[in-house]
Amino acid sequence: WDTAGQEEYDRLRPLSYANANVFLVCFSVVNPVSYENVSSKWIPELIHFCPDVPSILVGTKIDLRGEESALEKLRRQGQQPTTPEQGQQLAKKIKALKYLECSAKTGENLKQVFDEAVKAVLFSSGKRRGGCVML
920 WDTAGQEEYD RLRPLSYANA NVFLVCFSVV NPVSYENVSS KWIPELIHFC
970 PDVPSILVGT KIDLRGEESA LEKLRRQGQQ PTTPEQGQQL AKKIKALKYL
1020 ECSAKTGENL KQVFDEAVKA VLFSSGKRRG GCVML
């Protein structure tokens, strides 16, 4: 499932977590708030509702790292795109199985993200059986 992150869905969203085998916790590499929400919102929620389900951290929109309009918008806010190293550090902090980056627009690494999700399910401890949830 691709779940809604808006606050008005906070009570409904956990209903979609039942029987999840893996979570793809996604953030935009050109949106620092989405990066911060991984630690402040998504991981606490997943730990609360699904403590035994593994997660993979995914940095999205990597095609925008080199796009001048996206970079200019970040510069005006005194910010920069999230680096792969920052993504790796966050993945380690939240105990994600992996950190991956992709672009849905260009298709770069998209197959790898889903291949790794399948591997995470196939090679997990087998505690849970069910679906796949994408945040």
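Quick note on my numbering: the sequence shown kicks off at 920 and runs consecutively. For each residue, glycine too, the CB sits at the ideal point set by N, CA and C.
In this structure the stretch 960-967 does not lie against the stretch 981-991, because fewer than three pairs of beta carbons, one per stretch, are closer than 8 Å.
When DSSP states are grouped into helix, strand and coil, E1020 belongs to the strand group.
Spanning the alpha carbons of V972 and E991 requires a straight line of approximately 38 Å.
Counting the other CB atoms within 10 Å of its CB gives G1006 a total of 16 or more, which places it among the buried residues. Around the beta carbon of P1000, 16 or more other beta carbons lie within 10 angstroms, which makes this residue buried. Under the 10 Å beta carbon count, A1015 is surrounded by 16 or more other beta carbons and is classified as buried. If you compare the alpha carbons of A937, F946, N950 with that of W961, the shortest gap goes to F946. In summary, L1041 is exposed, with fewer than 16 beta-carbon neighbours lying within 10 Å of its beta-carbon over all protein chains present. DSSP, read as helix, strand or coil, puts V1032 in helix. In this structure, V977 lies near C1021, with their beta-carbon atoms less than 8 Å apart. About 5 Å separates the beta carbons of V941 and A1039, which is inside the 8 Å limit, making them a contact pair. Contact between L1019 and E1035 holds: CB atoms are separated by about 6 Å, below the 8 Å threshold.
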